[in-house]
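In the UniProt record's numbering, the protein residues as written are 1 to 85.
Backbone N, C-alpha and C define an ideal beta-carbon position, used for all residues, glycine too.
Reading through the structure tokens given below for one structure.
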Amino acid sequence: MEDALFPEGKEQRIARRICADCRVRARCLAEALDNRIEWGVWGGMTERERRRLLRERPDVSNWRAVLGAESTKCRTAGGAAGRVQ
């Protein structure tokens with residue numbers, strides 16, 4: 001079971017595809033970023049991608065707030081276009 005949490009290669013790509021349609025993707029990613037979780041795919045991002053994002057945005061101390069706001073913008077835009085389910 002533990003290997004499923006920390007996929008590599010092909011399994012990592014599969015995990016990212018699952019994340020793509022997940023309704024809690026932003027919250028999951030925020031959890032990993034806010035808590036500096038180093039391993040696995042969280043919110044569709046690999047550990048390498050998360051490290052890069054943290055380096056690029058050292059000013060962010062609350063990723064949940066940042067990603068929650070982005071998620072709301074997406075839902076609002078999608079609703080206006082008639083795409084929100």
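In terms of Cβ geometry, Met-45 and Leu-67 do not form a close pair [threshold 8 Å]. Close CB contacts of Cys-19 within its chain, under the 7 Å cut and outside five residues either way in sequence, are with Arg-25, Val-41, Gly-43 and Gly-44 (chain order). Per the DSSP secondary-structure output, Trp-42 pairs in a beta bridge with Met-45. A distance below 8 Å separates the beta carbons of Arg-50 and Leu-33. Judged by DSSP secondary structure, Ile-18 falls within the alpha helix (DSSP H) whose first and last residues are 10-20. DSSP places Asp-59 in the coil class of the three-state scheme, outside both helix and strand.
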